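Enquirer:
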Amino acid sequence: MGTVSNSGTGVEIQLGLFDAIIDLLLISPIFLLGVVLIGIILTVIFRKDSSVPKVKTSALSLLLYYYLCVMLLNIVGIPTLSEYFRLSRLGEAFFNPNVNFIPLSDGFSLSFVLNILLFIPLGFLSPFISKTFERVRNIFFIGLVLSLFIEIAQLFTLHRATDVNDILTNVAGTMIGYFCFRLIAKLRTPKRYSSQKMTKRDDTAYLPIVIIIIVCVLGFFS
Numbered sequence: 260m261g262t263v264s265n266s267g268t269g270v271e272i273q274l275g276l277f278d279a280i281i282d283l284l285l286i287s288p289i290f291l292l293g294v295v296l297i298g299i300i301l302t303v304i305f306r307k308d309s310s311v312p313k314v315k316t317s318a319l320s321l322l323l324y325y326y327l328c329v330m331l332l333n334i335v336g337i338p339t340l341s342e343y344f345r346l347s348r349l350g351e352a353f354f355n356p357n358v359n360f361i362p363l364s365d366g367f368s369l370s371f372v373l374n375i376l377l378f379i380p381l382g383f384l385s386p387f388i389s390k391t392f393e394r395v396r397n398i399f400f401i402g403l404v405l406s407l408f409i410e411i412a413q414l415f416t417l418h419r420a421t422d423v424n425d426i427l428t429n430v431a432g433t434m435i436g437y438f439c440f441r442l443i444a445k446l447r448t449p450k451r452y453s454s455q456k457m458t459k460r461d462d463t464a465y466l467p468i469v470i471i472i473i474v475c476v477l478g479f480f481s
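In short: position in the sequence shown from 1, add 259, done, that's our numbering.
Right under this line is the structure:
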């Protein structure tokens, strides 16, 4: 029987892409501490308000946490302590400003669209977790503040750019996610936005913000 020669180029490309996706989705073991912290916070919330849906809130909070871990650390990139140690050994400066203040300087490029898509889960998940973020101004605020934090933080990274376009696209993605939430919520429960429900004290009010803070703090020490 003759032997079949196969260079394996196609297989290698597929394996390389698969490995890259796996690396993108993996997070550091230190983030297990965040799962514990979120679990403690949720336990306190559930004891204070038994009307908060436990399974839904827990599952979506952990999903938001995982999404933020992947997005902030593996895709966007924020400063980390290990990176500062590396820069110190190399004799590189910690402050590396690379700033663009011109909106739409690159037009509607692929990165422009991808940045929008990247922030859609934030606007979609946050109002499902907390009624506070069912208000449009609050979801706009969380998208804007997180975007500003990322762009300011990237002044202190070596190969990242602070770009006004990123702020525009990130906020746009957050709002698109929010309006997707509104559409789904309206189809499921048309009276969800009644004034009676919106005026009730929300024990999950700051939960999305707390999750963001946990990710950023643990990410810095990862």
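Beta carbons are placed, not taken as given, at the ideal position from N, Cα and C, and that holds for glycine. The structure displayed is predicted, hence computed values, not measured ones.
Could you name the residues that DSSP lists as bridge partners for ASN359?
Expert: Answer by DSSP bridge pairing, in chain order: ASP422.
Enquirer: For a quick check, are the C-beta atoms of VAL335 and ILE409 less than 9 Å apart?
Expert: Yes; because the gap between Cβ atoms is below 9 Å, this pair is in contact.
Enquirer: Specify the secondary structure class of GLU393 as computed by DSSP and reduced to three states.
Expert: Correct three-state label for GLU393: helix.
Enquirer: Give every residue of the same chain whose Cβ lies closer than 6 Å to the Cβ of TYR452, excluding the five residues on either side of it in the sequence, and list them in chain order.
Expert: Caution applies to TYR452, whose pLDDT of 46 falls short of 50 and renders its modelled position unreliable; the value that the coordinates give is listed next. Nothing meets the Cβ criterion.
Enquirer: Can the beta-carbon of LEU276 be found less than 9 Å from the beta-carbon of ILE297?
Expert: It is not a contact, given that the beta carbons lie outside the stated cut-off.
Enquirer: May I ask you to verify whether the stretch 385-405 touches the stretch 338-356, counting CB pairs closer than 8 Å and requiring at least 3?
Expert: Not touching, per the Cβ criterion.
Enquirer: Does the contact criterion of 3 or more C-beta pairs under 8 Å hold for the stretch 310-330 versus the stretch 282-290?
Expert: The stretch 310-330 vs the stretch 282-290: in contact.
Enquirer: State the Cα-Cα distance for the pair ILE435 and ILE388, rounded to the nearest angstrom.
Expert: The straight-line gap from Cα to Cα measures roughly 17 Å.
Enquirer: Would you mind working out which of TYR437, LYS445, LEU323, ARG306 sits nearest LEU466, comparing C-alpha positions?
Expert: Checked all of TYR437, LYS445, LEU323, ARG306; the closest Cα to LEU466 is LEU323.
Enquirer: Should GLY402 be labelled buried (16 or more other beta-carbon atoms within 10 Å of its own) or exposed?
Expert: That one is buried.
Enquirer: Quick check on the DSSP output: what are the complete alpha helix (DSSP H) runs of length 4 or more inside the stretch 268-355, in order along the chain?
Expert: You should have 268-284, 291-307, 313-328, 340-349.
Enquirer: Counting only the same chain and skipping the five closest in sequence on each side, list residues whose C-beta sits under 6 Å from that of SER364.
Expert: There are no such residues.
Enquirer: So for PHE367, helix, strand or coil by DSSP?
Expert: PHE367 falls in the coil class under three-state DSSP.
Enquirer: Round the Cβ separation of PHE383 and CYS439 to the nearest angstrom and send it over; I've been treating them as touching at under 8 Å.
Expert: The pair is a contact, with the Cβ atoms about 5 Å apart (cut-off 8 Å).
Enquirer: For the alpha helix (DSSP H) containing LEU466, name the first residue and the last one.
Expert: That run of the alpha helix (DSSP H) goes 466-479.
Enquirer: What number of angstroms, rounded off, separates the C-alpha of ILE304 from the C-alpha of PRO380?
Expert: Each residue's Cα considered, the two are about 23 Å apart.
Enquirer: Just to check my reading of the structure: THR421 and VAL358 have Cβ atoms closer than 8 Å, yes? What is that Cβ distance to the nearest angstrom?
Expert: Confirmed, about 5 Å.
Enquirer: Kindly list the residues whose CB is nearer than 6 Å to the CB of ARG419, restricted to its own chain and excluding five residues on each side of it in sequence; keep chain order.
Expert: Result list for ARG419: GLY336, GLN413, in chain order.
Enquirer: Three-state secondary structure (DSSP) at THR433?
Expert: Correct three-state label for THR433: helix.
Enquirer: To the nearest angstrom, report how far apart LEU492 and SER370 are at their CA atoms.
Expert: No answer is possible for residue 492: it lies beyond the span of the chain, which begins at 260 and ends at 481.
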